[in-house]
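Going from the sequence shown to our numbering is simple: count from 1 and add 5.
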Amino acid sequence: MTQQEKVLATDEAVALMDLLEEKHGPLMFHQSGGCCDGSSPMCYPRGEFRVGDSDILLGYVNDNPFYMSKDQYEYWKHTQLIIDVVEGRGGMFSLENPEGKRFLIRSRVFN
């Protein structure tokens with residue numbers, strides 16, 4: 006299984022990423038796990054969120070790196086993550102917040 010198979014994005018998510026890239030430049034995603042904003046993928050200008058030893062790079066979506074905390078990855082390591090978009094407000098610091106849409110994770114278990 007390659008890194009590219011670990012995380013994908015729907016067409017709607019890619020369209021929102023393209024819009025955000027036009028406004029903010031290259032993006033990055035981080036999925037920390039936990040409650041509240043940590044349960045949604047957070048979108049930042051690339052390099053604005055500092056990743057550390059407790060994070061791993063799962064792959065790239067629309068050429069944007071997608072990181073996840075190692076602890077959260079232990080729960081999801083047997084799944085493929087699909088970034089999607091729904092109407093609503095994103096995480097407080099996530100770039101999609103003012104757009105009236107939010108990123109969310111869908112998943113499917115690898116056979």
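Glycine included, each C-beta is placed from N, C-alpha and C at the ideal position. It should be emphasised that the depicted structure is a prediction, and the values quoted were computed from it without experimental measurement.
Exercise. Quick one: what does DSSP say leucine 100 is sitting in, helix, strand or coil?
Worked result: Within the sequence shown, numbered from 1, the residue matching residue 100 stands at position 95. Of the three classes helix, strand and coil, the one that applies to leucine 100 here is coil, per DSSP.
Exercise. Where DSSP assigns a beta bridge to glutamate 92, which residues make up the other side?
Worked result: Locating residue 92 in the sequence shown gives position 87, counting from the first residue. Paired residues: Lys106.
For this session: Starting from aspartate 16, follow the alpha helix (DSSP H) in both directions and report where the run begins and ends.
Result: Taking the first residue of the sequence shown as position 1, residue 16 is located at position 11. First-last of the alpha helix (DSSP H) with aspartate 16: 16–29.
Problem set entry | Simplified DSSP assignment, three categories, for aspartate 60 | Within the sequence shown, the letter at position 55 stands for residue 60. Assignment of aspartate 60 by DSSP, reduced to helix, strand and coil, places it in the strand class.
Problem set entry | Close Cβ partners of isoleucine 110 (< 8 Å) along its chain, the five nearest in sequence each way excluded | Position 105 of the sequence shown, counting from 1, holds the residue named residue 110. Here the set comprises Gln36, Ser45, Pro46, Leu86, Ile87, Ile88 and Asp89.
Problem set entry | Beta-carbon proximity list for phenylalanine 34, same chain, < 8 Å, skipping 5 on both sides | Translated into the one-based positions of the sequence shown, residue 34 becomes position 29. Hits under 8 Å: Pro46, Met47, Cys48, Tyr49, Val66, Asn69, Pro70, Phe71, Tyr72, Ile88 and Phe108.
Exercise. How big is the Cα-Cα spacing for glutamate 26 and proline 103?
Worked result: Looking up residue 26 in the sequence shown gives position 21. Looking up residue 103 in the sequence shown gives position 98. Whole-angstrom Cα-Cα distance: 14 Å.
For this session: Taking glycine 93 as the reference, give the member of Ser99, Gly105, Phe54 and Ser74 with the closest Cα.
Result: What you label residue 93 is simply residue 88 of the sequence shown in a count that begins at 1. Nearest of Ser99, Gly105, Phe54 and Ser74 to glycine 93, Cα basis: Gly105.
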